[in-house]
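Notes for the one structure printed next.
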Amino acid sequence: MKTSYVVLAAAFGIARLVQSERQNRQRLALHAEEIHQELITEALSNPALRAMWAAPGKLPDEEYTEILHCNRLISFLSAKFRAGLLDTASLRVQARWVMARPVGRTYWAVLGGFREEEAVDRVDRAFNAIMADEHAAMVAVDAVTT
1 MKTSYVVLAA AFGIARLVQS ERQNRQRLAL HAEEIHQELI TEALSNPALR AMWAAPGKLP
61 DEEYTEILHC NRLISFLSAK FRAGLLDTAS LRVQARWVMA RPVGRTYWAV LGGFREEEAV
121 DRVDRAFNAI MADEHAAMVA VDAVTT
């Protein structure tokens, strides 16, 4: 009888450690997103900083400013997806909304490949796949309507 209690207590302890680790990773991801949002805000208000981070020769400053605003939204959606605050279906709705706007499609056309390169795990890859799918769907709609 004692052995079963020890095994049960050990299993409970391990489950708590796993849960605690997952919650800690979620907190770290949300904190990193907070820092990222602050950096984008600073770049939006500082032309020199914005120019430093712009892809050379790709977009005029006004268009890059719009891209930064879109980056804020897409990064926020990514953080919410990582933290479990958006499931796949709700992320798809949000991605479709973003890609319905020209700035969303421009953002993904310019920086989607970079997001895919920097993906570190299956959560990032799942997020990017949904965004890419919705981007492709809206580009196809654009092609049909023009």
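For the sequence shown, this note's numbering assigns the number 1 to the initial residue and increments by one for each residue that follows. Even for Gly, the Cβ is constructed at its ideal location relative to N, Cα and C. Predicted model only: the values in this text are computed from it and were never measured.
### Task
Give the secondary structure of K58 by DSSP, where H, G and I count as helix, E and B as strand, and everything else as coil.
It is coil, neither helix nor strand.
### Euclidean distance between Cα positions of D61 and A43
Rounded to the nearest whole angstrom, the C-alpha separation of D61 and A43 is 11 Å.
### Query
Counting pairs of Cβ atoms below 8 Å between the segment 89-100 and the segment 36-55, do you hit three or more?
The segment 89-100 vs the segment 36-55: no contact.
### Query
If we ignore side chains and look at the alpha-carbon of each, how far apart do R105 and T3 end up?
Straight-line Cα distance between these residues: approximately 60 Å.
### Task
Would you mind giving the Cβ-Cβ distance between V141 and L59, rounded to the nearest angstrom? I have them listed as a contact below 8 Å.
Rounded, the Cβ-Cβ distance is 23 Å, inconsistent with contact.
### Query
Do E66 and R96 have their CB atoms nearer than 8 Å?
Cβ atoms of E66 and R96: not closer than 8 Å.
### Nearest residue (CA-CA) to M138, options A126, C70, M99 and R122
Selection A126, C70, M99 and R122 evaluated against M138 yields M99 as nearest (Cα-Cα).
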